[in-house]
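K.L.:
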Amino acid sequence: MSREEEIIAIVSQEKKIQVNQLAEQLNVSQVTIRKDLDKLESRGIIHRQHGFALLNNSDDINFRLAQNYDLKLKIAKEAAKLVNDGDVVMIESGSTCSLLAEELAYRKKDITIITNSCFIASYVRKADSVKIVLLGGEYQKESQVNVGPLVERIVSEFHVDRLFIGIDGFDPKRGFTGSDITRCNTTRVLATAAEETIILTDASKFNQSGVIKEFDFNEISQVFTDQRITDEVVTFLTKREITVSTV
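Numbering (our numbering), first residue to last: 877 to 1123.
1) Kindly provide the ranges of any beta strand (DSSP E) runs that are 3 or more residues long and lie completely inside the stretch 906 to 992, ordered along the chain.
2) Extract the residue ranges of the alpha helix (DSSP H) inside the stretch 1057 to 1101, only unbroken runs of 4 or more that lie entirely within it.
3) Taking only the alpha-carbon atoms, compute the straight-line gap between TYR945 and LYS1007 and give it to the nearest angstrom.
4) Express the C-alpha separation of LEU916 and LEU892 in angstroms, rounding to a whole number.
5) Need the endpoints of the alpha helix (DSSP H) that ASN896 sits in, please.
6) Return the Cβ separation of VAL964 and THR991 in integer angstroms, given the expectation that the two are a contact with Cβ distance under 8 Å.
7) According to DSSP, is THR1122 helix, strand or coil?
8) Between the beta-carbon of ILE1074 and the beta-carbon of PHE1052, is there less than 9 Å?
9) For LYS948, is the classification buried or exposed, using 16 other Cβ atoms within 10 angstroms of its Cβ as the cut-off for buried?
10) Rounded to the nearest angstrom, how far is the Cβ of CYS973 from that of PHE1034, given a contact under 8 Å?
11) State buried or exposed for GLY927, treating a residue as buried only when at least 16 other CB atoms are found within 10 Å of its CB.
12) Do SER969 and GLN1020 have their beta-carbon atoms positioned less than 9 Å apart in this structure?
13) Measuring straight from C-alpha to C-alpha, what distance separates GLY1024 and GLY1054?
14) For the beta strand (DSSP E) holding GLU1014, just list the boundary residues, first then last.
15) Would DSSP call LEU1010 helix, strand or coil?
16) Strictly by DSSP, which residues pair up with PHE1040?
17) What residues in its chain sit with their C-beta under 7 Å from that of GLU978, if we drop five residues either side in the sequence?
18) Since I believe VAL1123 is in contact with ASP1092 (beta carbons under 8 Å), could you give me their beta-carbon distance rounded to a whole number of angstroms?
Right, dumping it as structure tokens:
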């Protein structure tokens, strides 16, 4: 685990911690820790306030990004292995998907990312070799994602091999679920432009059920998650011809 990842883990646990205490815990100088915090703050993950490091508002995507950051990063890195230099991919919004976009933008060459996520577009904006195609539409402030009819109209112009998405829940009877009907509808439209739809999520989502049905099991080809997923769920998904990869 890098020092930046350690900082995120500590701040996520403490919610708010003095900068000098953080430096002491990590056995580095306050100058070094401030430089690390500057980098994390520029990415929107950590917020600084009067000598403290703290998380963003719990409704903000930056807050969700900091939750289980190390685990989500491992999932993103594993999923990134599917993508080759020069590929064009579509990525929907979400914290793990944002880390996938970052991994592709900085670790691959000549990648094109088509997304409806304003957050992702901003998150990887400094990467030199990535091209971002941002789909316009109705802007949802908390998730920083564009949804609605305008996105749906534009999507018909594209075709990609892979769409990467996140989910809010799992229901053995209904399928993969979400919590916002407009966003779920938009994600389903994005899937019509892709040969396969791939889910990136931490295993906690398999213990909760979202309000809105988003995808049937036969519409998903792969799931990338962590080892906390139960054998029962893995068997269930495998029987439905969904490849499950864990980190």
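C-beta: ideal position from N, C-alpha, C; glycine also.
P.N.:
So, from the listed chains and residues:
1) Counting only unbroken stretches of 3 or more residues, the beta strand (DSSP E) elements lying wholly within the stretch 906 to 992 are 922 to 925, 928 to 931, 964 to 967, 988 to 991, in sequence order.
2) Listed in chain order, the alpha helix (DSSP H) elements of length 4 or more contained wholly in the stretch 1057 to 1101 are 1057 to 1067.
3) In the sequence shown, the residue the question calls residue 945 occupies position 69. In the sequence shown, the residue the question calls residue 1007 occupies position 131. Using only the alpha carbons, I get a separation of about 25 Å.
4) The sequence position of residue 892 within the sequence shown is 16, counting from 1. The sequence position of residue 916 within the sequence shown is 40, counting from 1. The identity of residue 892 in the sequence shown is Lys, whereas the question assumes Leu. Put simply, the backbone Cα of LYS892 is about 15 Å away from that of LEU916.
5) One-based indexing of the sequence shown puts residue 896 at position 20. In the DSSP annotation of this structure, the continuous segment of the alpha helix (DSSP H) that includes ASN896 starts and ends at 895 to 902.
6) Working through the sequence shown from its first residue, we reach residue 964 at position 88. Working through the sequence shown from its first residue, we reach residue 991 at position 115. Incorrect: roughly 11 Å between the Cβ atoms, too far for contact.
7) Numbered from 1 along the sequence shown, position 246 holds the residue referred to as residue 1122. In this structure, THR1122 counts as strand in the three-state DSSP scheme.
8) Residue 1074 sits at position 198 when you count from the first residue of the sequence shown. Residue 1052 sits at position 176 when you count from the first residue of the sequence shown. Taking the C-beta atoms as reference points, PHE1052 is found no nearer than 9 Å to ILE1074.
9) Position 72 of the sequence shown, counting from 1, holds the residue named residue 948. By the 10 Å Cβ count, LYS948 comes out buried.
10) As a first step, residue 973 must be located in the sequence shown, where it is residue number 97. As a first step, residue 1034 must be located in the sequence shown, where it is residue number 158. Between CYS973 and PHE1034 the beta-carbon gap is near 17 Å, outside 8 Å, which marks them as no contact.
11) Position 51 of the sequence shown, counted from the first residue, corresponds to residue 927. Exposed, by the Cβ-count rule.
12) Sequence index remark: in the sequence shown, residue 1020 carries index 144 (1-based). Sequence index remark: in the sequence shown, residue 969 carries index 93 (1-based). With contacts defined as CB atoms closer than 9 Å, GLN1020 and SER969 qualify as a contacting pair.
13) Residue numbering aside, residue 1024 sits at position 148 when the sequence shown is read from its first letter. Residue numbering aside, residue 1054 sits at position 178 when the sequence shown is read from its first letter. Spanning the two alpha carbons is a distance of roughly 15 Å.
14) Sequence index remark: in the sequence shown, residue 1014 carries index 138 (1-based). Its beta strand (DSSP E) spans residues 1014 to 1016.
15) For the purposes of this step, residue 1010 is identified with residue 134 of the sequence shown, where counting begins at 1. Correct three-state label for LEU1010: strand.
16) Taking the first residue of the sequence shown as position 1, residue 1040 is located at position 164. DSSP output for PHE1040 lists ILE967, ILE1074 as bridge partner(s).
17) Within the sequence shown, the letter at position 102 stands for residue 978. Hits under 7 Å: TYR999, VAL1000.
18) Here residue 1092 is taken as the residue at index 216 of the sequence shown, counted from 1. Here residue 1123 is taken as the residue at index 247 of the sequence shown, counted from 1. Not really, about 26 Å apart at Cβ, beyond 8 Å.
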